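Trainee: In terms of full-length UniProt numbering, the sequence shown opens at residue 1 and continues consecutively.
Glycine included, each C-beta is placed from N, C-alpha and C at the ideal position.
Since we're looking at a predicted model, the values are computed, not measured.
Dumping the structure here so I can ask a few things about it.
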Amino acid sequence: MQFSWSVATIGNQRGLQVPERSENQGASGTPTFKGFAHPQGTGLTLSVRGCRWSLTLKTPDGGPYPPFEEYHQLEMTAADLQRFINGRGLDWKRQTGETGREELVAMDNGFSVHLTPALETPLDEAAMVAELEARLA
Numbered sequence: 001m002q003f004s005w006s007v008a009t010i011g012n013q014r015g016l017q018v019p020e021r022s023e024n025q026g027a028s029g030t031p032t033f034k035g036f037a038h039p040q041g042t043g044l045t046l047s048v049r050g051c052r053w054s055l056t057l058k059t060p061d062g063g064p065y066p067p068f069e070e071y072h073q074l075e076m077t078a079a080d081l082q083r084f085i086n087g088r089g090l091d092w093k094r095q096t097g098e099t100g101r102e103e104l105v106a107m108d109n110g111f112s113v114h115l116t117p118a119l120e121t122p123l124d125e126a127a128m129v130a131e132l133e134a135r136l137a
């Protein structure tokens, strides 16, 4: 599947710069992430191979972001994910998520980024953030 867009618009018409991608796989090797698009493209949740947490990107205003739909059920590399976020050096805050579980939240490139531990897994901020940053390095 090929993707090619350079500027994406979030629901309230703010433009985000999204580097173009023309290759079939990201340049950083084996796919590590698998995307699950939210209805109407309002978010993208990624399972992370070998991790007991998930990563969710959301538009800050809850509006649609159609490129998310292109990643539904698609395996992604770190380079694919970095089309949306940097993922490193973020100011993480703890909050209670929509499901009532504690999660970490930060803003990155205009997206609300959520790190949520798996069920019955305690939130370990240092370990989760370090693992995300290592996978995106």
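What is the residue span of the alpha helix (DSSP H) that Ala127 lies within?
Mentor: 125 to 136 is the extent of the alpha helix (DSSP H) around Ala127.
Trainee: Ignoring anything shorter than 4 residues, give me the alpha helix (DSSP H) runs that lie fully in the stretch 59 to 102, in order along the chain.
Mentor: Whole alpha helix (DSSP H) segments, 4+ residues: 78 to 81.
Trainee: Tell me which residue opens and which closes the beta strand (DSSP E) that residue 139 is part of.
Mentor: Past the boundaries of the shown model lies residue 139; the chain is included only from 1 to 137, so the question cannot be answered.
Trainee: Note the first and the last residue of the continuous beta strand (DSSP E) segment covering Pro117.
Mentor: Unbroken beta strand (DSSP E) run through Pro117: 111 to 117.
Trainee: Does Gly43 come out as helix, strand or coil in the three-state DSSP assignment?
Mentor: Strand, per DSSP.
Trainee: Taking the alpha-carbon positions, what's the Leu115 to Met128 distance?
Mentor: Taking the straight line joining both Cα atoms gives about 8 Å.
Trainee: Do you know how far the Cα of Thr96 is from the Cα of Arg83?
Mentor: Roughly 27 Å between the two C-alpha positions.
Trainee: Where does Thr56 sit, in a helix, a strand or coil, going by DSSP?
Mentor: Correct three-state label for Thr56: strand.
Trainee: Under 8 Å, do Thr56 and Gly35 count as touching if we go by C-beta distance?
Mentor: Cβ distance not < 8 Å, so Thr56 and Gly35 don't count as in contact.
Trainee: Do the CB positions of Thr45 and Thr77 come within less than 8 Å of each other?
Mentor: Cβ distance not < 8 Å, so Thr45 and Thr77 don't count as in contact.
Trainee: Thinking C-alpha only, which one of Ala134, Arg135, Gln73, Ala106 is nearest Lys58?
Mentor: Comparing Cα positions, the closest option is Ala106.
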